[in-house]
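The structure appears right after this line, and notes come after that.
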Amino acid sequence: MTGRTLYDTDFAAWTEQQADLLRSGQLDAVDIDHIAEEIESLGRSELRAMESALMRIVEHLLKLAHSPASDPRDGWRESVTVQRLEYEALADDNPGLVGRVRLPTVYDRARRLAGVSLERHDGLPMSILPATCPWTLAEITDTAFWPR
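Here the sequence shown stands for residues 1457 to 1604, numbered as in the working numbering.
Structure below.
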């Protein structure tokens, strides 16, 4: 079975095979195209994880800033704290991705999530939420920052 066929039929076995080929210096037998594709995919996956953590942070910051509800506030603050730590770990491991974060996209998704929740639980329209992100990335990720 060639590397290309194994890639399609047994990904785990393919990864082990490719690692063995690389370690043994058999570069002519390495599945270069698929390895390059997988490396790029890893970078995209890390960026998605960073943006996902930011989306949760922003969603809960919006709820903290706009919801009159008192009961869920501790949970939102805990979620923000956990996701800030997750983002920090991802940013420490991938500093080159920090500049690639699409904050307007992250904010739009977080705004929609917060808006649905605020409407369902508090009867508030999504229009009470700012159309653009009111915070910088530095504020969003700052463990000392909380909206008023």
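Using N, Cα and C, we set each Cβ at its ideal position, and we do this for glycine too.
Cβ distance (whole Å) where residue i is taken to contact residue j below 8 Å
i, j, result
"Arg1512", "Ser1535", "6 Å"
"Leu1593", "Lys1519", "That belief does not hold up - the Cβ atoms of Leu1593 and Lys1519 are roughly 19 Å apart, past 8 Å."
"Met1506", "Leu1546", "5 Å"
Within 7 Å, strictly: CB atoms of residue i and residue j
i, j, result
"Glu1515", "Leu1585", "no"
"Pro1603", "Leu1517", "yes"
"Tyr1543", "Thr1597", "yes"
Selected residue, minimal CA-CA separation from residue i, among the options
i, options, result
"Gly1552", "Pro1560, Ser1480, Ala1600 and Glu1502", "Glu1502"
"Asp1578", "Ser1523, Phe1601 and Arg1529", "Ser1523"
"Ala1509", "Trp1470, Thr1471, Ile1491 and Val1554", "Val1554"
"Trp1470", "Arg1479, Ser1480, Asp1487 and Gly1481", "Asp1487"
"Thr1588", "Ala1521, Pro1560 and Ser1573", "Pro1560"
"Arg1504", "Val1538, Thr1599, Pro1590 and Val1557", "Val1557"
"Ala1600", "Thr1537, Arg1567 and Leu1580", "Thr1537"
"Leu1498", "Asp1549, Arg1567, Ser1526 and Pro1528", "Asp1549"
"Arg1567", "Ala1468, Ala1485, Ala1521 and Ser1480", "Ala1521"
"Glu1494", "Tyr1463, Pro1590, Ala1485 and Glu1595", "Tyr1463"
Cα-Cα separation, residue i to residue j
i, j, result
"Gln1473", "Thr1465", "13 Å"
"Ala1492", "Asp1530", "44 Å"
"Arg1576", "Met1582", "10 Å"
"Glu1496", "Tyr1563", "25 Å"
"Asp1489", "Arg1540", "35 Å"
"Arg1500", "Trp1532", "27 Å"
"Gly1571", "Ala1468", "41 Å"
Any alpha helix (DSSP H) of 4 or more consecutive residues that is wholly inside the segment 1497-1576: 1529-1549 and 1551-1554
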